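Comments concern the structure below.
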Amino acid sequence: LPYLGVVLYRGRKLNALFDPLTDKVRGKILRWNASLISQAGRLVLIKSVLDSMGTHVFAAMTPTSSFFRSYRSLASSFFWGNRDSARRHHWVSWDVVCRPKNEGGLGLRRPEDLCAAFACKLWHRFGANNSLWATFLHAKYRSLEGSNFSGSPSFASETWKHMQSVKACSDSH
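What follows is the structure in structure tokens.
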């Protein structure tokens with residue numbers, strides 16, 4: 004059941020929750036005729052259109068690794084100019100293409116990094132405790148703050164679990 008463009012669900016996160024987003028990305032790519040667009044033009048379309056399509060969803064929930072693989076495959080195939088069954092050579096890996104320009108990449112954003120950035124933003128908002136959302140989470144998870152509890156309890160939301168993974172990563176640096 005979608006609410007403001009994000010599918011609401013209960014229970015385990017399933018790949019099917021992200022099929023509408025994958026279909027939107029695939030639909031955009033199919034409407035663009037890659038053979039008539041230069042590689043620089045394809046890069047601009049990926050940066051300006053494809054990278055922004057999932058931003059709202061990524062702010063609310065973290066997609067499955069299967070979605071990330073599908074997105075990477077679709078964007079990579081479009082960028083390198085693959086057509087239907089004719090596969091063109093990919094000169095460098097997609098991870099290299101997604102590096103910042105000063106590191107030898109083309110500056111594309113990886114959806115995984117965008118999700119991590121949104122989780123950092125949520126962790127910061129939680130720490131600032133200046134919103135109704137943060138107050139609610141503090142009340143729900145307050146018993147865990149003073150303990151040596153590692154990980155997330157079984158009743159924790161996906162958002163809380165993702166915030167904890169970012170917290171754990173930031174604590175180690």
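Under our numbering, read the sequence shown as residues 4 to 176, first letter to last. Ideal placement from N, C-alpha and C gives every residue a C-beta, glycine not left out. Since the structure is predicted, the reported quantities are computational estimates derived from the model, not experimental observations.
Assigned with DSSP and collapsed to three states, residue 9 falls in strand.
In this structure the segment 8-22 touches the segment 57-77; the number of beta carbon pairs closer than 8 Å is three or more. Taking every protein chain shown into account, the CB of residue 81 has 16 or more other CB atoms within 10 angstroms, so this residue is buried. Between residue 125 and residue 162, the gap from beta carbon to beta carbon is short of 8 Å. In its chain, beyond the 5 residues on either side, 61, 62 have a beta carbon closer than 7 Å to the beta carbon of residue 121.
The beta carbon of residue 49 lies closer than 8 Å to those of 78, 81, 82, 111 in the same chain, with the five residues before and after it left out. If you keep only unbroken alpha helix (DSSP H) runs of at least 4 residues inside the segment 59-95, you get 68-83. Close CB contacts of residue 47 within its chain, under the 7 Å cut and outside five residues either way in sequence, are absent.
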